[in-house]
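See below for the structure under consideration.
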Amino acid sequence: MNQEAQLKLYNSMTRRKDTFVPSNESCLSWYNCGPTVYDASHMGHARSYVSFDIIRRVLTSYFNYNISYAMNITDIDDKIIFRARRNYLIDNYISSSHPIDRIIEDANEAVKLLEDKIHVSKYLDLLTITEKLTAQQNKVNTTKDGHQLKELEKIGKKLLENKAEILKDPQQLAMAEDNEKLATLAEKKMKLKESNIALTNDPNKLAMFVKNKIKADNAIQSLSSAAIGQSDVKPDSRLQEFFSDIRDPLSELLDKKFGTSVNDHEIFARLARHWENDFNDDMKALNVLPADAITRVSEYVPEVIEFVQGIIKRNYGYVSNGSVYFDTVAFNNSPDHRYGKLLPEAIGDLNALAEGEGELSIGDDRLREKRSPNDFALWKCSKPGEPFWDSPWGKGRPGWHIECSVMASAILGKSLDIHSGGVDLKFPHHENEIAQVEEALSKYSARQLRLAFLSHPWNTTMDYSENMMSSTMQTEKLFLEFFLNVKDIDRVYSAQTLKEEKWNSAELELEKGLCQKQNNIHRFLCDSINTPDVMKELKELINQSNSYIASKRSLKQSPNARLLKKISRYIVKMLRIFGVTVDEIETTIGFPSYTDNKNINKENTIMPYLTVLAEFRAKVRDSARLQKVPDLLNLCDDIRNDILPELGVRLEDLEDGPAIKLVDRAILLKEKENRLMAIEEKKRKKEEAKRKQMELKAQQESKMKISPKEMFLNQSDKYSQFDEKGIPTHDHEGTELSGKQKKKLLKQYEAQKKLFLEYQTKQAPSN
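This is how it looks when you write it as C-alpha cells:
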C-alpha cells in the first residue's frame, strides 16, 4: 500500500481538495444538516445521506478515525406549518359532510385561486425583480450609512443584470412594457402573498400547478354531472376520489380563509414526528448508519434564544418588529468576517434567500423590517396560525439559518472538523422535489442504489435515470457472478485430497495485478474519497480474475482457489466498507446468504447436500447419454432448469464437473422467464419465417398460373395497344414504346412463359 498518499477532502469553502487535518486526531467532530420533516424523503435525500454514509464508513473503517457524528432534524419550519395546517383543515372539511352544492362551490373558488397562482407564477421573476428594484431604490434614497449605501448599490447592479436577462423572453418583455397589466398582476401577487399562497418560478413546479388544475377541473365536472343526475354514479360514491383530486388547491383555499385559527402546537408537532419516523425508516432501508446524536430544533429553543442574544450583543443582529435579523452589512464590514464566503456568487440572489426564509417570512411587511435585502431572520415573530415560544422579543420561533449553529456547538463544541449538507443546502437551505425513496426502493434494492451513488463523485450532480440504474444492475451482476464462480471453485478445491498449489506465471501476474489495484484504490480514497475510480479498479480486478479463470479452464487446469479467495475477500472488504454488504464475517466470499436465523449461514448448511445431488445427477446424466435414454436426460434438465431455481440454486454443467451456486430465487426465476421468452421468441421467428416462405410460395404458384398472353392485358392504366402475343406496343396515351422498353417487356414475357409452361407440366397427368 502506498503510505505516502495523504487524505484530501473536497472543501466547498475553498472549492478545492484540501489536506484533511482534524483538530483532534483521536475523535473527529462531524455535523450533518438533516431533513426538514414535512413530507416523504426523496432521491435527493437518499443521494446526500447515502453519500455521507459512505464517506463516514471510509473514514471510520478504512482510515481508522473515531467520529462523533451529529445530525439535526428541522421540526420547526414554514413548510411544516403550511403542511400541518392544511392537512388539519382539509381533513376537518372532509369529515364535516358538507352538502354537494357547497363542496362544488368551494372547489370552484379553489380552482380560481389556483388559476391566479399559475398566472402570477408565469411572471413571478419579472414582478419580483421590479418590486426589489423599487424597494432597493427607496432604501438608497433614505439611507445615510455609507457602508450600507455601497452594499445597496451593489445589490441594485445585480438586480438590473437579472432583469435584463428576464426581458430576453418576448412574453416577459411584452408584460414589462404594459404598465397597466403589470400593475394589475402586481396587485394580484400582493393579495396572494398576503394569503400565504405559494408562488414559484420553477418550471417543474409550475407544470405541477397546471396539472393540478386540470385534475381539479375534471373532478368538479365529474361531481357536478353526478349531482344533477347526468351520471350513473351517485355523488356520495365519487367524493373520496373527488377530494383526492382536489385536495391541494382546496386545502390552500381553506388555509387562506382559516389558517390563522390553527394554534394548537400538537398539530404541527404531530406532522413533524410522523415524517421524522418515515425518514428514519427510509434511512434504515438504505443501510445508512444512524447518527450518534440527533438534535431537534424544538428541543433547543432556549439555546437558540441565548445564541441570538449573543449575536445582538456583538452588533451583528438587530431587533425589528418582534423579529431578529442578522446584519449582513455589519458582519461584512468587520475585518474578521466575510459574509457569503461559502458561495460568494449567491450574495444578492434574493430568490434563493426567499426560498431559505420560507413562504411565511418573505411578505412585504417582513422585507420592510430588514435593513438590507440580504439580511435573514435569526428569530421570527410568530403570527396567528403559527407555533410560538416566548422570547425577550415576544412570541416567535427560530429562524432556519440559526438552528444548525446552535445545535452543532451544543453537541460538538465551537470547532467542527466536517460540516456537511446536500450541495443545494449551501446557500441557503433548499429542498429538491424528485422521486421518493420509497418509490425507488420498490423498484431497486438498497444495494443497487448505493452502487449507483458509488459510481458518481459524491460532490457533483448525478443524473438519476433508468439508464444509470440499468448500468448499475450490470455492475451488481458482475460482482455477484464473480463471487459465485469463486465459491464454486473453492468448493471443488476443498473437496480435493491432493491439491496443486504451485504458482505459475498466470498466478504471479494476477497477484501482481491485485497489489497494483490495492495501491491505486488507496490513492483514489485519499483523493477526496474518489469512489467512482475505486469501483472501476474493482471491476477491472474482477475482469482480470475472470480472464485468468477462463485461461486455466481452456488448458484443462484448475484455477488457484487460494488466490481467487484472497481477491474476493479484498473486494468484499471494500464493499463492506462502502456499506454495500452488511456481512461482518471477514472470511465471507461475496454477498452473504442467510436464513431467517442470522447465526446460520445457508451456504455452509446446505452446500454438502447440494454437492451430493449435483454429482449424482451428473452420473445419471452421463449414463443416460451413453445409453441414449432421452426421458432420463429430460428429467436431469428439469432438475437444473425448473426444480433447483425455485429453491434458489443455480446448477451449471461444465466440462470439468457441475458448478453449484446459491443465488437469489427472484434472480433465478427471472433468468428462467428470460430463457423461456427467448425460446418462445425463437419459435415465433421460426414460425414467422415458415409463414413468409409459404406466402412467397403461394404467390409464386399464383403467378405461374397466369398465361403470358394475358399478363399485360389487365394493365390498361399503363398500356393501350398490344401485339399478337399480348406484349404492349403503346403506352396509355397512345405513344409507341421505345425499343428499349419493348425489349424489357419481351424479357418479362419470356420469363412468365417459362413459369407457365412449368405449371402446365406439373398439372399434366403422369403416364
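To convert a position in the sequence shown, counted from 1, into the numbering used here, add 1208. Cβ coordinates follow ideal geometry from the N, Cα and C atoms, glycine included. Everything numeric in this text was worked out from a predicted model, so none of it was measured.
Whole-number beta carbon distance between residue 1757 and residue 1776, since they are thought to touch under 8 angstroms: Contact flag wrong, Cβ pair sits at about 12 angstroms.
Cβ-Cβ separation, residue 1853 to residue 1880 (assumed contact under 8 angstroms), whole Å: Right, their Cβ atoms sit about 5 angstroms apart.
For residue 1962, three-class secondary structure by DSSP: Residue 1962 falls in the helix class under three-state DSSP.
Pairwise C-alpha distance: residue 1522 and residue 1463: Looking at the two C-alpha atoms, the distance is approximately 39 angstroms.
Cα-Cα separation, residue 1345 to residue 1290: Taking the CA atoms as reference points, residue 1345 sits about 33 angstroms from residue 1290.
Secondary structure of residue 1554, DSSP reduced to three states: Since pLDDT at residue 1554 reaches only 44, below the 50 mark, its modelled position is unreliable, and no value is offered.
Contacts around residue 1326, its chain only, beta-carbon distance under 8 angstroms, and the 5 residues preceding and following it disregarded: Scanning its chain for C-beta atoms nearer than 8 angstroms, with the 5 sequence neighbours on each side dropped, one finds around residue 1326 the residues 1414, 1417, 1418, 1421, in chain order.
First through last residue of the beta strand (DSSP E) which encompasses residue 1930: For residue 1930, the enclosing beta strand (DSSP E) covers residues 1927 to 1930.
Three CB pairs or more closer than 8 angstroms across the region 1331 to 1351 and the region 1498 to 1506: At 8 angstroms Cβ cutoff, the stretches do not touch.
Integer Cβ distance of residue 1318 from residue 1447, believed to fall under 8 angstroms: Residue 1318 to residue 1447, Cβ: 15 angstroms. No contact.
Inter-residue spacing [alpha-carbon to alpha-carbon] between residue 1829 and residue 1858: Spanning the two alpha carbons is a distance of roughly 17 angstroms.
Residues near residue 1620 by beta carbon distance below 7 angstroms, same chain, minus five either side: Excluding sequence neighbours, residue 1620 sits near 1237, 1239, 1276, 1278.
Closest by C-alpha distance to residue 1245, when choosing among 1454, 1313, 1485: Answer by Cα proximity: 1485.
Per-residue DSSP class, three states only, for residue 1230: When DSSP states are grouped into helix, strand and coil, residue 1230 belongs to the coil group.
Supposed contact pair residue 1293 and residue 1470 - C-beta distance, whole angstroms, cut 8 angstroms: So it is a contact: roughly 5 angstroms between Cβ atoms.
Between the CA atoms of residue 1314 and residue 1430 - distance to the nearest angstrom: The C-alpha of residue 1430 lies about 15 angstroms from the C-alpha of residue 1314.
Three-way DSSP call (helix, strand, coil) for residue 1180 in this model: No information on residue 1180 is available, as it lies outside the stretch 1209 to 1975 that the chain covers here.
DSSP state of residue 1967 mapped onto helix, strand, coil: Helix at residue 1967.
Whole-angstrom distance between residue 1843 and residue 1834, CA atom to CA atom: Between residue 1834 and residue 1843, the alpha-carbon positions lie close to 16 angstroms from each other.
Interface flag, residue 1969 vs chain D, CB-CB below 8 angstroms: Of the protein chains in this structure there is only one, and it is not chain D.
Distance between beta carbons of residue 1479 and residue 1534, contact taken as under 8 angstroms: Not a contact, Cβ separation roughly 28 angstroms.
Rounded straight-line distance, which links the Cα of residue 1825 to that of residue 1699: Each residue's alpha carbon lies about 17 angstroms from the other.
Proximity test, residue 1719 beta-carbon vs the ligand HEM heavy atom, cut-off 7 angstroms: You won't find the ligand HEM in this model; it holds no ligand whatsoever.
The beta strand (DSSP E) enclosing residue 1532, as first and last residue numbers: 1531 to 1534 is the span of the beta strand (DSSP E), which, as asked, contains residue 1532.
Beta-carbon gap between residue 1589 and residue 1531 smaller than 8 angstroms: Yes; because the gap between Cβ atoms is below 8 angstroms, this pair is in contact.
Ordered list of alpha helix (DSSP H) runs contained in the region 1829 to 1914, each at least 4 residues: If we require 4 residues or more, the alpha helix (DSSP H) runs fully inside the region 1829 to 1914 come out as 1838 to 1846, 1873 to 1912.
Local conformation of residue 1803 per DSSP, three classes: Model confidence at residue 1803 stands at a pLDDT of 45, short of 50, so the residue's coordinates are unreliable; what they give is reported in the following sentence. The answer is coil: DSSP assigns residue 1803 none of H, G, I, E or B.
Any 3 or more C-beta pairs closer than 8 angstroms across the region 1262 to 1270 and the region 1505 to 1519: For the pair of segments examined, the region 1262 to 1270 was found not to touch the region 1505 to 1519: the number of CB pairs separated by less than 8 angstroms stays below three.
Contact set for residue 1898: own chain, Cβ-Cβ below 8 angstroms, skip 5 residues either direction: Result list for residue 1898: empty, nothing under 8 angstroms.
Length-filtered (4 minimum) alpha helix (DSSP H) runs lying within the region 1232 to 1302: As far as the region 1232 to 1302 is concerned, its whole alpha helix (DSSP H) runs of at least 4 residues are 1251 to 1265.
Span separating the alpha-carbon of residue 1784 from that of residue 1778: Looking at the two C-alpha atoms, the distance is approximately 10 angstroms.
Assigned secondary structure, residue 1634 (DSSP; H/G/I helix, E/B strand, else coil): Unreliable positioning characterises residue 1634 in this predicted model, as indicated by a pLDDT of 38, which lies under 50. A coordinate reading is not provided.
Reference residue 1768, options 1782, 1753, 1781, closest by Cα: Ranking 1782, 1753, 1781 by Cα distance to residue 1768 puts 1753 first.
Where the beta strand (DSSP E) through residue 1730 begins and ends: From DSSP, residue 1730 is part of no beta strand (DSSP E) but of the alpha helix (DSSP H) over 1713 to 1734.
Pair within 8 angstroms by beta-carbon distance, residue 1963 and residue 1935: Cβ distance not < 8 angstroms, so residue 1963 and residue 1935 don't count as in contact.
Buried versus exposed, by CB contacts within 10 Å (16 or more), residue 1582: Counting of Cβ neighbours within 10 angstroms places residue 1582 among the buried residues, the total reaching 16 or more.
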